[in-house]
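Trainee: Numbered per the numbering used here, the sequence shown spans residues 1 to 611. Questions regarding the structure given below will be posed in turn.
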Amino acid sequence: MKQLSSLLQYLKPYRKLLLANIMSNILMAFFTIISIPAITPFLHILINTVPVVKAKPPFGWSLADLINWVKYSFAEMITQQGRAETLTYVCLFIVFIFFFKNLFAYLAAAFMAPIRNGIVSDLRQQLYAKYLELPLGFYSDERKGDLLSRLTVDVQEVEVSILSMLVTIVRDPLIILGSLAVMIYFSPELMLFVFGLLIFTILIIGGIGKRLKRESAWVQDRMGAMIADVEESLSGLKIIKGFGAEKFRNDHFDTINQEYRNGLNRLLWRRDLASPLSEFLGIVVVAALLWFGAQRVFVDDLSAPTFFAFLYAFFNIIAPAKSFSSAYFNVQKGLAAVQRINVVLNTKNTITDASDAQPYGNFSEAITYKKVAFNYTTIEGNVLENIDLTIPKGQLVALVGPSGSGKSTFVNLLARFYDPTEGHIALDGRDIRSLQLKDLRNQLGIVSQEPILFHDTIYNNILFGTPNKTQADVEAAAKIANAHDFITATEQGYQTLIGDRGNKLSGGQKQRLTIARAILKDPAILILDEATSSLDAESEKLVQEALEHLMENRTAIVIAHRLATIKKADQILVLEKGKIIEKGTHQELMQQKGTYRGLVKLQNLGKELDG
Numbered sequence: 001m002k003q004l005s006s007l008l009q010y011l012k013p014y015r016k017l018l019l020a021n022i023m024s025n026i027l028m029a030f031f032t033i034i035s036i037p038a039i040t041p042f043l044h045i046l047i048n049t050v051p052v053v054k055a056k057p058p059f060g061w062s063l064a065d066l067i068n069w070v071k072y073s074f075a076e077m078i079t080q081q082g083r084a085e086t087l088t089y090v091c092l093f094i095v096f097i098f099f100f101k102n103l104f105a106y107l108a109a110a111f112m113a114p115i116r117n118g119i120v121s122d123l124r125q126q127l128y129a130k131y132l133e134l135p136l137g138f139y140s141d142e143r144k145g146d147l148l149s150r151l152t153v154d155v156q157e158v159e160v161s162i163l164s165m166l167v168t169i170v171r172d173p174l175i176i177l178g179s180l181a182v183m184i185y186f187s188p189e190l191m192l193f194v195f196g197l198l199i200f201t202i203l204i205i206g207g208i209g210k211r212l213k214r215e216s217a218w219v220q221d222r223m224g225a226m227i228a229d230v231e232e233s234l235s236g237l238k239i240i241k242g243f244g245a246e247k248f249r250n251d252h253f254d255t256i257n258q259e260y261r262n263g264l265n266r267l268l269w270r271r272d273l274a275s276p277l278s279e280f281l282g283i284v285v286v287a288a289l290l291w292f293g294a295q296r297v298f299v300d301d302l303s304a305p306t307f308f309a310f311l312y313a314f315f316n317i318i319a320p321a322k323s324f325s326s327a328y329f330n331v332q333k334g335l336a337a338v339q340r341i342n343v344v345l346n347t348k349n350t351i352t353d354a355s356d357a358q359p360y361g362n363f364s365e366a367i368t369y370k371k372v373a374f375n376y377t378t379i380e381g382n383v384l385e386n387i388d389l390t391i392p393k394g395q396l397v398a399l400v401g402p403s404g405s406g407k408s409t410f411v412n413l414l415a416r417f418y419d420p421t422e423g424h425i426a427l428d429g430r431d432i433r434s435l436q437l438k439d440l441r442n443q444l445g446i447v448s449q450e451p452i453l454f455h456d457t458i459y460n461n462i463l464f465g466t467p468n469k470t471q472a473d474v475e476a477a478a479k480i481a482n483a484h485d486f487i488t489a490t491e492q493g494y495q496t497l498i499g500d501r502g503n504k505l506s507g508g509q510k511q512r513l514t515i516a517r518a519i520l521k522d523p524a525i526l527i528l529d530e531a532t533s534s535l536d537a538e539s540e541k542l543v544q545e546a547l548e549h550l551m552e553n554r555t556a557i558v559i560a561h562r563l564a565t566i567k568k569a570d571q572i573l574v575l576e577k578g579k580i581i582e583k584g585t586h587q588e589l590m591q592q593k594g595t596y597r598g599l600v601k602l603q604n605l606g607k608e609l610d611g
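Structure follows, in structure tokens:
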């Protein structure tokens, strides 16, 4: 129940609505309970068995005094006004009771609706905020589809399975307890008989629910896997079609889908067994009660109207008991969803501001890597090892080397997407872990190999992260990035929607938008992660020209795939297996006739670069 208690903390902002709901439920339960004895006068009049009360009892506030006073008043009314007129008053009284019973039932539901929806909305918002907060390392072991499933399917399951329980958590126990109290008053012997039957019923239903939570967790995992598979297939649709792998992916999805279907069938069979089983067991109890109660009536231990009122009280218990039975099954199912959500919410973010983190102004001196090493927990050995380097302000530094040599990790550590395993990185002599994270990243502009764009307008994609800029600023940045002309040629100019991940644009156009975004931010330190490697020659020329504008008067770290673009770098670092094996300018490295020269020749650029 730890998961349930963690969920109920979300009730705090809705205390007033919850109090109104509780009060409405209490009043609804009150009118439900008093409706039980209210039918006995009707039955007494109907079969002409009104008890005669000759002496007027003293009025008091105890339950016995109130009951005696009601019996006397009822007998007097029949004596003075007759059975027919008294029956009219009794029927009006019953209508009055049931009107207020249903009025307060509606008010309870009306007050609960914004609570349920609010908690689900808050839970979804907190989960989304957690996704944005968690470091990149968390996503190395997670599938996007499964994370989407937690935000959608699991959160909805919480609403359906657990929060629906809040509707009955106050009302039903009160109705059950009140009805039991009335039943005990009517006949303790019959009540003891019913109690034994109810315990037997509860034990049977409880045994089914134990497996429901385990089954539900497995089914929800399969749903996450299914969504992840769809997300991967849609992202890689071009490759799937290009390799003729439609059947392979379809068969893969079918396997997961069938597992989900079979698991869901088992889950629903168990869940749906709750209602008919509880109803059947209830009928068994009623049949036994009718037999046993009738025996008491036959020997005059119990009057017929009282027995019928007892039965009515018992039927008042059945509906809330069934709700509780269904709620128990639903809670078991919902707790599995809560557990999956809490796995994310309880994940510790390791990339946070230190308790004594200090503000940081503007980058002014140098970036320093001091004996930096790093390894991923899922990969054996260091990805970077013993990196010692100083990058003075204004320098252009290029990183080259084979895939897996640690180039991307080198810049990811500077942005604190990860923290070094050993050593430290400093800006102007200050360890970046001692700086406020927001201030650190405000110094950085990142243009990655894959342009990251959002399903929004061109204007909003350029403005991203810098909302204080004006339209003129956005257009100026687009012009520097060689993007203004193609933007104005689109149907709605800067207000054109670019589609999911910018799929309405070409590769070069998308990259120029990301460069315009970086220009608008005006960062002190620029990180270019193979920003032109996937472009055709014409697009590369335009993008390279935009990048040169972007790098003017800035400190820049460039991960280079095409070595022809970095011959003007102040420092070129050659990485291999996480270590810097060569360092120098283009001319210096060509003269060394080492790895760098070999990479140049591999690209058939030797003559061009030597010249």
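Here a beta-carbon is modelled for each residue, glycine too, at the ideal position from N, C-alpha and C.
When you compare each of ILE39, LEU87 and VAL286 to PHE195 by their alpha carbons, which one comes out closest?
Mentor: Of ILE39, LEU87 and VAL286, the residue nearest in Cα terms is VAL286.
Trainee: Scan the region 430 to 470 and note each continuous alpha helix (DSSP H) run of 4 residues or more that stays entirely inside, going in chain order.
Mentor: For the region 430 to 470, whole alpha helix (DSSP H) runs of length 4 or above, ordered along the chain, are 437 to 442 and 458 to 463.
Trainee: Taking a contact to mean a Cβ-Cβ separation below 7 angstroms, would you say GLY401 touches VAL574 in this structure?
Mentor: Yes. Within cutoff.
Trainee: Would ILE94 and ALA20 qualify as a contact pair, given that the criterion is a beta-carbon distance under 7 angstroms?
Mentor: Not closer than 7 angstroms, so no.
Trainee: Cα-Cα, which of ASN362, ALA294 and VAL299 is closest to PHE310?
Mentor: Among ASN362, ALA294 and VAL299, the Cα nearest to that of PHE310 belongs to ALA294.
Trainee: Could you check if ASP146 is buried or exposed, using at least 16 other CB atoms within 10 Å of its CB as the buried criterion?
Mentor: That one is buried.
Trainee: Please decide whether LEU302 counts as near chain B, where near means a Cβ-Cβ distance under 7 angstroms.
Mentor: Any reference to chain B falls outside this structure, which holds one protein chain only.
Trainee: Quick check on GLU608: does DSSP put it in helix, strand or coil?
Mentor: The predicted model places GLU608 with a pLDDT of 48, which falls under 50 and marks its position as unreliable; any figure quoted below should be read in that light. Of the three classes helix, strand and coil, the one that applies to GLU608 here is helix, per DSSP.
Trainee: Might you give, ordered along the chain, the residues of its own chain that have their beta carbon closer than 6 angstroms to the beta carbon of ILE480, omitting 5 neighbours on each side?
Mentor: Here the set comprises ILE519 and HIS549.
Trainee: For ALA110, does the count of other Cβ atoms within 10 angstroms reach 16, so buried, or fall short, so exposed?
Mentor: Exposed, by the Cβ-count rule.
Trainee: Between which two residues does the beta strand (DSSP E) carrying ASN386 extend?
Mentor: First-last of the beta strand (DSSP E) with ASN386: 384 to 392.
Trainee: With DSSP run on the structure shown, which of helix, strand or coil describes THR555?
Mentor: Correct three-state label for THR555: strand.
Trainee: Give me the Cβ distance between TYR312 and ILE36, rounded to the nearest whole Å; I'm assuming they're in contact under 8 angstroms.
Mentor: Indeed they touch by this definition, with Cβ atoms about 6 angstroms apart.
Trainee: Do the region 117 to 124 and the region 152 to 169 make contact, defined as three or more Cβ pairs closer than 8 angstroms?
Mentor: The region 117 to 124 vs the region 152 to 169: in contact.
Trainee: Which first and last residues belong to the alpha helix (DSSP H) in which HIS484 is found?
Mentor: Unbroken alpha helix (DSSP H) run through HIS484: 484 to 488.
Trainee: ILE227 and LEU148 - do their beta-carbons sit closer together than 7 angstroms?
Mentor: It is a contact, given that the beta carbons lie within the stated cut-off.
Trainee: Could you check how far apart the C-beta atoms of GLU545 and ASN482 are, in whole angstroms? I think they sit under 8 angstroms.
Mentor: At roughly 6 angstroms, the Cβ-Cβ gap stays under 8 angstroms, so GLU545 and ASN482 are in contact.
Trainee: Out of PHE417, GLN358, GLN395 and ASP388, point me to the one whose CA is closest to TYR376's CA.
Mentor: Considering only alpha carbons, the answer is PHE417.
Trainee: Could you check the C-alpha separation between TYR185 and LEU192 for me, to the nearest Å?
Mentor: Those two C-alpha atoms are separated by around 12 angstroms.
Trainee: Tell me, please, which residues DSSP counts as bridged to TYR369.
Mentor: LEU389 and ILE425.
Trainee: Can you tell me the Cβ-Cβ gap for LYS333 and ALA366, rounded? I've got them flagged as a contact below 8 angstroms.
Mentor: Actually they do not touch by this definition, with Cβ atoms about 58 angstroms apart.
Trainee: Quick one: measure Cβ to Cβ for LEU513 and ILE462, integer angstroms, because I've assumed they're closer than 8 angstroms.
Mentor: The Cβ separation is near 6 angstroms, so the contact holds.
Trainee: Identify the continuous beta strand (DSSP E) that holds GLN571 and give its terminal residues.
Mentor: Run containing GLN571: 571 to 576, per the beta strand (DSSP E) assignment.
Trainee: Here's a check: name, in chain order, each residue in its chain whose Cβ is nearer than 8 angstroms to the Cβ of TRP218, leaving out the five neighbours to either side.
Mentor: Closer than 8 angstroms at the Cβ level, and outside the excluded window around TRP218, lie GLY263.
Trainee: So PHE324 and MET183 are supposed to be a Cβ contact under 8 angstroms. How far apart are they, rounded?
Mentor: That belief does not hold up - the Cβ atoms of PHE324 and MET183 are roughly 17 angstroms apart, past 8 angstroms.
Trainee: Can you tell me the Cα-Cα spacing of TYR596 and ALA569, whole angstroms?
Mentor: One C-alpha to the other measures close to 14 angstroms.
Trainee: Return the Cβ separation of TYR14 and ILE175 in integer angstroms, given the expectation that the two are a contact with Cβ distance under 8 angstroms.
Mentor: Not a contact, Cβ separation roughly 23 angstroms.
Trainee: Assuming THR88 and ASN316 are in contact, meaning their beta carbons sit under 8 angstroms apart, how far apart are those beta carbons, in whole angstroms?
Mentor: The pair is not a contact, with the Cβ atoms about 25 angstroms apart (cut-off 8 angstroms).
Trainee: Going by C-alpha to C-alpha distance, which of ASN330, LEU526, ILE458 and GLY493 sits closest to GLY499?
Mentor: Ranking ASN330, LEU526, ILE458 and GLY493 by Cα distance to GLY499 puts ILE458 first.
Trainee: Look at ASN342 and SER161 and say whether their C-beta atoms are less than 7 angstroms apart.
Mentor: No, the Cβ-Cβ distance between ASN342 and SER161 is not below 7 angstroms.
Trainee: Smallest Cα separation from ASP254: which of ARG266, MET223 and THR490?
Mentor: Among ARG266, MET223 and THR490, the Cα nearest to that of ASP254 belongs to MET223.
Trainee: ALA373 and GLU385 - do their beta-carbons sit closer together than 7 angstroms?
Mentor: Yes, Cβ-Cβ distance for GLU385 and ALA373 is below 7 angstroms.
Trainee: Closer than 6 angstroms by C-beta to ILE351: which residues in its own chain qualify, once you throw out the five before and the five after it? Chain order, please.
Mentor: PRO135 and ARG416, listed in sequence order.
Trainee: In whole angstroms, what separates the C-alpha of LEU605 from that of MET590?
Mentor: Low per-residue confidence applies at LEU605: pLDDT is 47, beneath 50, and the placement is therefore not dependable enough to give any value.
Trainee: Is LEU174 helix, strand or coil when you go by DSSP?
Mentor: Correct three-state label for LEU174: helix.
Trainee: Let me check one thing: in DSSP terms, what residues is LYS583 bridge-paired to?
Mentor: DSSP lists LEU573 as partners of LYS583.
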